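Asker: Shown below is the structure under consideration.
Residue numbers (our numbering): 436 to 653.
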């Protein structure tokens with residue numbers, strides 16, 4: 436998982452470059468595509484009206500990122516990488532969604548909801564009600580705030596969206612980004628952290644492990 440991922444936005448002085456994947460400072464120019472006028476800009480709020488091309492240049496790789504009339508157009512944005520411990524069946528859906536979320540956020544959100552449902556199954560929760568599955572994960576250690584966040588984007592709760600079903604009023608790019616982050620958080624808490632703790636425990640001297648086991652039997 437890319438810890439410092441910042442989604443490209445022309446209002447930001449720095450973000451994760453979709454070319455090189457580096458969190459980098461950006462320089463901006465704007466070009467009027469009717470009269471060819473262009474200028475360097477320091478205040479992105481000055482980009483108003485129509486007929487403008489806004490070009491950000493990554494200071495790491497020197498490649499350009501482009502908006503037309505404040506709408507992102509180039510290059511395709513690939514979201515933050517999936518946690519390396521994400522199960523393959525879930526990662527396949529995550530990766531597909533990450534490739535299309537900028538151009539088709541509704542399709543990406545449908546895939547990500549299905550990925551969350553599948554992740555619950557991979558973690559041993561097989562109820563048909565995803566609300567109950569997430570609740571069971573909370574009892575196993577998933578922070579309740581994650582459950583609340585999922586409810587906000589209508590993955591669970593009274594307005595739950597079933598796997599693959601689209602909720603048109605909330606399926607925008609920001610929702611897709613939030614769902615991807617929440618998937619990574621669930622994998623981090625429920626798979627990565629226990630695996631790391633288990634690895635640390637097995638590296639303890641036998642005498643220390645025996646002491647822990649004997650203590651737990653008391």
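Think of the CB as a built atom: it goes at the ideal place given N, C-alpha and C, for glycine as much as any other residue. Keep in mind that this is a model prediction, so the values were computed, not measured.
From the DSSP output, in three-state form, read off residue 501 for me.
Answerer: Working through the chain shown from its first residue, we reach residue 501 at position 66. Here residue 501 sits in strand by DSSP.
Asker: Using DSSP with H/G/I as helix, E/B as strand and the rest coil, what is residue 538?
Answerer: Along the chain shown, read from residue 1 onward, the residue named residue 538 stands at position 103. In the structure shown, residue 538 sits in coil (DSSP, three-state: anything other than H, G, I, E or B).
Asker: Tell me, which residues are paired with residue 467 by DSSP?
Answerer: Counting from 1 along the chain shown, the entry for residue 467 is found at position 32. DSSP output for residue 467 lists 487 as bridge partner(s).
Asker: Run the CB neighbour count on residue 451, radius 10 Å, all protein chains shown included, and call it buried at 16 or more, exposed below.
Answerer: Residue 451 sits at position 16 when you count from the first residue of the chain shown. Its Cβ being crowded by 16 or more others within 10 Å, residue 451 is buried.
Asker: If we ignore side chains and look at the alpha-carbon of each, how far apart do residue 695 and residue 463 end up?
Answerer: As displayed, the chain neither begins before 436 nor continues past 653, which places residue 695 out of reach and without an answer.
Asker: Tell me where the beta strand (DSSP E) around residue 506 begins and ends.
Answerer: Residue numbering aside, residue 506 sits at position 71 when the chain shown is read from its first letter. Looking at the DSSP string, the run of the beta strand (DSSP E) that includes residue 506 is 506-509.
Asker: Measuring alpha carbon to alpha carbon, tell me which residue in 496, 501, 572, 497 is nearest residue 489.
Answerer: By one-based count along the chain shown, residue 489 stands at place 54. Of the listed residues, the one whose Cα sits closest to residue 489 is 501.
Asker: With a CB to CB cut of under 6 angstroms and the five nearest residues on each side skipped, what residues in its chain are close to residue 521?
Answerer: Along the chain shown, one-based indexing puts residue 521 at 86. The residues are 622.
Asker: Taking the DSSP output, what are the residues bridged to residue 610?
Answerer: Locating residue 610 in the chain shown gives position 175, where the first residue counts as 1. In DSSP, residue 610 forms no bridge with anything.
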